[in-house]
Amino acid sequence: MLRVFRYWLTRYRRTWRGSIVINVLNPLLFLIGIGAGLGALVDDNAPAQIAGVSYAAFFAPGMLAAAAMQNAFLEGAGGVARAAGFGAYRSATPTPLRPEQLAAGHLLFITFRVLIASGAFIVVMAAFGLIGGWWALGALLGATLTGVAFAAPAAAWAVGVRKLRHIDTVFRFVIMPLYMFSGTFFAVSQLPEWIRPVSYLLPLWHGVELCRTLSLGTATITGSSVHIGYLLALAIGGFLLARVTYRRRLHP
Amino acid sequence: MVSEHSLVEARDLTKVYPARGSTAEFRAVDGIDFALERGESFGLLGPNGAGKSTTMRMIAATSPISGGSLRVLGMDPMRQGPEIRARLGVVTQDDYLDNELTVRENLHIYGRYFGLSRAVIRDRATRLLDFAQLQEKAGDQVETLSGGMRRRLTIARSLINEPDILLLDEPTTGLDPQARHILWDRLFQLKQQGVTLILTTHYMDEAEQLCDRIIVVDHGRIVAQGSPQELITRYATREVLELRFRLDERDTAAEKLRTSGLATGGNDAEGRVELLPDRVLVYAADGEAALATVHAMSLTPLTALVRRATLEDVFLKLTGRSLIE
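Protein chains in written order, with my numbering: chain A, 563 to 814; chain B, 19 to 343.
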């Protein structure tokens, strides 16, 4: 597994500078544009709707979780499908490595990537005064867990995908709508009542809530345990499924 | 140890891909038997879809068998896959090199997959780059290599663990003639060093150059086996006359030839006419004499060529189809 991780790290060495710049620029632009720009509008007009904090403080951890999801999905689905179709998995299959090890090593690398990106995001948040102290570490782990909860099932599915456009489709019709219904930009309590129970079932909602309560310092043991349990179940379930689908695809 | 046994031993080896969605169940390999001894070069020959690559994957312990039995290096590929793979070198049909890494990094990563130490890899990589004539490219990104160079790098990479058996799946498909000859030279050198080669190909000249023994497969079954020379002697005539006709004359000429003495003379191996889309083949012990007969029938081929029979003819004779369709 570590050998596979090392491989992805070797590749990453060539691109890490660019990718860190993106990891920092992305939250910077979002926090300036939406946090400060849209935030000024929201804070002036509807401050009561978002638990009495500034819109930027509300929005930033939501975006942190959603960005973790997006990064993890793109790497876990697109990266995996390419590796399985004509990339790294193909060259590693004839070696003593087992498909299960390829899955574990790649997921470990995706976890690492999400950790770096979330770390950069949190540094930018701290620079805006939106997070601080030990809560930041909690939010970092929460965001990373959110990423893994998406990456593992995505990898389990994508390893069998032969047409890359299917990944685009899922991104557009599954991942993007999750932003809207998981409390990223506004509280779920602002949605019509009948739709709220659906939100509470969405994995991103658990990620957003986990990161937001940790970041605002309002986390409770019970609430966080539920979110962590839900996300862990997805991550572990996804990995166990990936062990099966990787073998099916790579050792047909 | 393995020397007591065959390196690879297959009995009634079968591979069935179960039905999936709209595709029906597919019997890719349908009960084949063979044994491979150390130092022997062994070729699997057949058209696309004959089951060559599937057989290779089963030997390489990257595809579970569906029936029969298979031993590789005295081990069971179903249970000892990683142990078997540690001692094989595999050159797949596509290169699957990492374009973003350098030539040397590709070797390094691959060596690490086998759990080799850095020092060992560094040492072997230098020798393998010499062998593959890629020393000057060591620091270049793989993206910049030509097709022939990529192939040589893939072969060098497959040798990083000093394998007991080297499996090559259509090693020269898609290469230009010059690149093919360089590659054959490298493979021949390996063979001289005592590396056991198993290769699939649908190029007859490749099989004749590199294989001591050949299995001809079609529809997942073995249709013939032997050394290249044995197969030619057994299934073809000594010479072949290749005729090309003008389009408007082709059908009538073919019909005349088919009903002539050339097509029916003696037993099957003695004389026969084969109609191909672009040409007509006349199998004969004496090609020149056959040509004289053709002229005597007042047929006027555009071109006429007498050549020695090859494995291509053997395959045509056995299956009625040419290898590259």
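Each residue gets a CB set at the ideal place from its N, CA and C atoms; glycine is no exception. Remember, it's a predicted structure, so these values are computed and weren't measured experimentally.
Checklist entry - At a CB-CB cut-off below 7 Å, which residues of chain A make contact with Glu123 of chain B? => result Locating residue 123 of chain B in the second sequence gives position 105, where the first residue counts as 1. Within 7 Å Cβ-Cβ: Thr572.
Checklist entry - I think Val109 of chain B touches Leu186 of chain B, with their Cβ atoms under 8 Å apart; what is that distance to the nearest whole Å? => result Mapped onto the second sequence, residue 109 of chain B falls at position 91. Mapped onto the second sequence, residue 186 of chain B falls at position 168. Right, the Cβ-Cβ distance comes to about 4 Å (below 8 Å), so this counts as a contact.
Checklist entry - Which residue from B:Leu177, B:Leu228, B:Ala254 puts its Cα closest to that of His199 of chain B? => result Here residue 199 of chain B refers to the residue found at position 181 when the second sequence is read from its first residue. Ranked by Cα distance from His199 of chain B, the first of B:Leu177, B:Leu228, B:Ala254 is B:Leu228.
Next on the checklist: Going by beta-carbon coordinates alone, are Leu10 of chain B and Ala322 of chain B separated by less than 8 Å?
Outcome noted: Summary: the structure shown does not reach residue 10 of chain B, with chain B confined to residues 19 through 343, and so no result is reported for it.
Item to check | Within 8 Å, strictly: CB atoms of Leu815 of chain A and Val686 of chain A | outcome: Given that chain A is displayed from residue 563 to residue 814, the structure contains no residue 815 of chain A and the question cannot be resolved.
Checklist entry - Does DSSP put His693 of chain A in a helix, in a strand, or in coil? => result Here the question's residue 693 of chain A lines up with position 131 in the first sequence. This sequence places Ile at residue 693 of chain A; His is not what is there. DSSP places Ile693 of chain A in coil when its eight states are reduced to three.
Checklist entry - Going by beta carbon distance, what residues of the same chain come within less than 6 Å of Val642 of chain A, once the five residues before and after it are set aside? => result For this step, residue 642 of chain A is matched to residue 80 along the first sequence. The residues are Ala717, Ala720, Val721.
Checklist entry - So, using beta-carbon positions, are Glu55 of chain B and Ser24 of chain B closer together than 8 Å? => result On the second sequence, residue 55 of chain B is found 37 positions in, with the first residue counted as 1. On the second sequence, residue 24 of chain B is found 6 positions in, with the first residue counted as 1. Yes; because the gap between Cβ atoms is below 8 Å, this pair is in contact.
Item to check | Contact residues within the stretch 635-660 of chain A, judged by C-beta distance below 8 Å to chain B | outcome: Correct list: Phe648, Gly649, Ala650, Arg652, Ser653, Ala654, Thr655, Pro656, Thr657, Pro658, Leu659, Arg660.
Checklist entry - Would a C-beta distance cut-off of 8 Å place Lys33 of chain B and Thr80 of chain B closer than the cut-off? => result To locate residue 33 of chain B, count along the second sequence from 1; it is residue 15. To locate residue 80 of chain B, count along the second sequence from 1; it is residue 62. Result no, Cβ atoms of Lys33 of chain B and Thr80 of chain B do not sit closer than 8 Å.
Checklist entry - Considering only residues of the stretch 90-172 of chain B, which uninterrupted alpha helix (DSSP H) runs meet the minimum length of 4 residues and lie entirely inside it, listed in chain order? => result The DSSP assignment places complete alpha helix (DSSP H) segments of no fewer than 4 residues inside the stretch 90-172 of chain B at 99-103, 121-131, 136-149, in order along the chain.
Item to check | Assumed close pair Leu796 of chain A, Ala705 of chain A - CB separation to whole angstroms, cut-off 8 Å | outcome: By one-based count along the first sequence, residue 796 of chain A stands at place 234. By one-based count along the first sequence, residue 705 of chain A stands at place 143. Beta-carbon to beta-carbon, Leu796 of chain A and Ala705 of chain A are separated by about 15 Å, too far to satisfy the 8 Å threshold.
Item to check | Inter-residue Cα distance where the pair is Asn124 of chain B and Ser786 of chain A | outcome: Taking the first residue of the second sequence as 1, we reach residue 124 of chain B at position 106. Taking the first residue of the first sequence as 1, we reach residue 786 of chain A at position 224. Cα to Cα, the separation comes out at about 44 Å.
Checklist entry - List, in order along the chain, the chain B residues whose C-beta lies closer than 9 Å to that of Tyr808 of chain A? => result Counted from its first residue, the first sequence places residue 808 of chain A at position 246. In chain order: nothing, as chain B lies at least about 12 Å away.
Checklist entry - DSSP beta-bridge partners for Tyr741 of chain A? => result Translated into the one-based positions of the first sequence, residue 741 of chain A becomes position 179. Bridge partners of Tyr741 of chain A according to DSSP: none are assigned.
Checklist entry - Interface residues of chain A around Ser81 of chain B at Cβ under 8 Å? => result Here residue 81 of chain B is taken as the residue at index 63 of the second sequence, counted from 1. Neighbours of Ser81 of chain B in chain A, taken as residues at a C-beta separation under 8 Å, are given in chain order as His813, Pro814.
Item to check | Contacting residues, own chain, Cβ-Cβ under 6 Å from Ala287 of chain B (five flanking each side not counted) | outcome: Your numbering for residue 287 of chain B matches position 269 in the second sequence. In this predicted model, Ala287 of chain B has a pLDDT of only 42, less than 50, meaning its place in the structure is not dependable; the value taken from the coordinates is given anyway. Excluding positions up to five away in sequence, the list is empty.
Next on the checklist: Am I right that Phe540 of chain A and Gly595 of chain A are in contact with their C-beta atoms under 8 Å? What's the rounded C-beta distance?
Outcome noted: Given a span of 563 to 814 for chain A in the structure shown, any question on residue 540 of chain A remains unanswerable.
Checklist entry - When Cβ atoms are compared, which residues of the stretch 568-600 of chain A fall closer than 9 Å to chain B? => result Within the stretch 568-600 of chain A, Arg568, Tyr569, Thr572, Arg573, Arg576, Thr577 place their CB atoms closer than 9 Å to a CB of chain B, listed in sequence order.
Checklist entry - Going along chain A, which residues have a C-beta under 8 Å from Arg290 of chain B? => result As a position in the second sequence, residue 290 of chain B is number 272, starting the count at 1. Residues of chain A passing the Cβ test: none, with the nearest at roughly 40 Å.
Next on the checklist: Quick check: what's the CA-CA separation for Phe52 of chain B versus Pro100 of chain B?
Outcome noted: In the second sequence, the residue the question calls residue 52 of chain B occupies position 34. In the second sequence, the residue the question calls residue 100 of chain B occupies position 82. Between Phe52 of chain B and Pro100 of chain B, the C-alpha separation is close to 23 Å.
Next on the checklist: So, at 6 Å on beta carbons, what are the nonlocal neighbours of Lys68 of chain B in its own chain, with the 5 sequence-adjacent residues on each side left out?
Outcome noted: Position 50 of the second sequence, counted from the start, is the residue given in the question as residue 68 of chain B. According to the sequence provided, residue 68 of chain B is Ala. The question's Lys does not apply to it. Within the same chain, Ala68 of chain B has close Cβ partners Val235, Asp236.
Item to check | Whole beta strand (DSSP E) elements within the stretch 217-282 of chain B, 3-residue minimum | outcome: You should have 231-236, 239-244, 257-262.
Item to check | contact_flag[the stretch 646-659 of chain A, the stretch 749-768 of chain A] where n(CB pairs < 8 Å) is 3 or more | outcome: Result no; under three Cβ-Cβ pairs closer than 8 Å.
Next on the checklist: Quick test of your reading: Arg170 of chain B and Leu152 of chain B, contact by CB under 8 Å. State the CB separation rounded to the nearest angstrom.
Outcome noted: On the second sequence, residue 170 of chain B is found 152 positions in, with the first residue counted as 1. On the second sequence, residue 152 of chain B is found 134 positions in, with the first residue counted as 1. So it is a contact: roughly 6 Å between Cβ atoms.
Next on the checklist: Please confirm whether Gly180 of chain B has its beta-carbon closer than 8 Å to some beta-carbon of chain A.
Outcome noted: Your numbering for residue 180 of chain B matches position 162 in the second sequence. Contrary to the premise, residue 180 of chain B reads as Glu rather than Gly in this sequence. It does not; no Cβ of chain A falls within 8 Å.
Item to check | Under 8 Å between C-beta atoms of Gly61 of chain B and Leu217 of chain B | outcome: Position 43 of the second sequence, counted from the first residue, corresponds to residue 61 of chain B. Position 199 of the second sequence, counted from the first residue, corresponds to residue 217 of chain B. The answer is yes: Cβ separation under 8 Å.
Checklist entry - Apart from the five residues just before and just after Ile127 of chain B, which ones in its own chain have a Cβ nearer than 8 Å to its Cβ? => result Position 109 of the second sequence, counted from the first residue, corresponds to residue 127 of chain B. Closer than 8 Å at the Cβ level, and outside the excluded window around Ile127 of chain B, lie Asp116, Leu119.
Checklist entry - Cα-Cα, which of A:Ile678, A:Thr775, A:Arg644, A:Tyr651 is closest to Tyr131 of chain B? => result In the second sequence, residue 131 of chain B corresponds to position 113, counting from 1. Nearest to Tyr131 of chain B by alpha-carbon distance, out of A:Ile678, A:Thr775, A:Arg644, A:Tyr651, is A:Tyr651.
Item to check | 8 Å Cβ cutoff, Val108 of chain B in contact with chain A | outcome: Taking the first residue of the second sequence as position 1, residue 108 of chain B is located at position 90. Taking 8 Å as the CB threshold, Val108 of chain B lines the interface with chain A.
Checklist entry - DSSP three-state call for Ala78 of chain B: helix, strand or coil? => result Taking the first residue of the second sequence as position 1, residue 78 of chain B is located at position 60. Assigned with DSSP and collapsed to three states, Ala78 of chain B falls in coil, not helix or strand.
Item to check | Anticipated Cβ contact below 8 Å, Thr36 of chain B with Gly107 of chain B, distance rounded | outcome: Counted from its first residue, the second sequence places residue 36 of chain B at position 18. Counted from its first residue, the second sequence places residue 107 of chain B at position 89. Checking the displayed sequence, the identity of residue 36 of chain B turns out to be Pro instead of Thr. Contact check for Pro36 of chain B and Gly107 of chain B: beta-carbon distance about 30 Å, past the 8 Å limit, so the pair fails to qualify.
Next on the checklist: Quick check on Ala68 of chain B - is its C-beta less than 8 Å from some C-beta in chain A?
Outcome noted: Indexing the second sequence from 1 puts residue 68 of chain B at position 50. Not an interface residue.
Checklist entry - Using CA coordinates, which residue listed in B:Leu215, B:Leu293, B:Ser164, B:Gln207 is at the minimum distance from Glu188 of chain B? => result One-based indexing of the second sequence puts residue 188 of chain B at position 170. Checked all of B:Leu215, B:Leu293, B:Ser164, B:Gln207; the closest Cα to Glu188 of chain B is B:Leu215.
Item to check | Sequence-distant residues of the same chain with beta carbon closer than 7 Å to Gly681 of chain A, five excluded per side | outcome: Within the first sequence, the letter at position 119 stands for residue 681 of chain A. The residues are Leu702.
Next on the checklist: Give me, in chain order, the residues of the same chain whose beta-carbon lies closer than 7 Å to that of Ala225 of chain B; leave out the 5 immediate sequence neighbours on both sides.
Outcome noted: Along the second sequence, read from residue 1 onward, the residue named residue 225 of chain B stands at position 207. Same-chain partners within the cutoff: Gly61, Leu63, Thr219, Ile232, Pro246, Leu329.
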